[in-house]
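Worksheet for the structure shown next.
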Amino acid sequence: MKFSYFLFFLGSLVLATTDIYVSVSQDSIFVGDKTQLTVTAKNTTIESVEFPELDVDNENITLSLLSKNTNSMKLSLQFWKEGYHKFPSIKLNINYTDSSSEVYLTDV
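Take the sequence shown: its letters are residues 1436 to 1543, numbered as in my numbering.
The structure is reproduced here in structure tokens:
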């Protein structure tokens, strides 16, 4: 199973701002494989990034949070059926040192 659906997810974050990066631990994902998805916000003016709790309403995906800090979140994904899967939209609330904030929402 290819990870082409991640390309859409990746594109929605990368085009939003150059301060947000997404990485996937492998380029091909097979049924039962665990893969890591990391979302990172990098900028010297970022004070913190608020990541939401994610809930997947899909019995064909297991999602677990591996780690979260002030500027990144690492998720573990495991797929139980081949094909395309609906992944929840991720909302990022970025707080800057000048007290301003921006909200980014990935496409579903």
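Cβ atoms here follow ideal geometry from the backbone N, Cα and C, with glycine treated the same way.
For T1497, the enclosing beta strand (DSSP E) begins and ends at 1496-1503. The beta carbon of N1530 sits closer than 6 Å to the beta carbons of E1482, S1483, S1536 from its chain, once the five residues preceding and following it are set aside; these are given in chain order. Its chain contains H1520, K1521 as the residues whose beta carbon lies nearer than 7 Å to that of N1493, once the 5 sequence neighbours on both sides are disregarded; these appear in chain order. I1525 carries a coil assignment under DSSP once its states are collapsed to helix, strand and coil. Annotated as distal: E1517 and V1459, with beta-carbon spacing of 7 Å or more. The continuous beta strand (DSSP E) containing E1485 extends over residues 1481-1485. For the 7 Å CB-CB criterion, N1528 and E1488 do not form a contact. The alpha carbon of K1509 has as its nearest neighbour, out of V1491, V1538, D1533, L1472, the alpha carbon of L1472.
Across the set T1470, L1498, L1500, D1454, the C-alpha of D1454 shows the shortest separation from the C-alpha of T1479. Remark: C-beta atoms of V1457 and V1474 approach each other more closely than 7 Å.
Ranking V1538, I1496, L1540 by CA distance to the CA of W1515 puts I1496 first.
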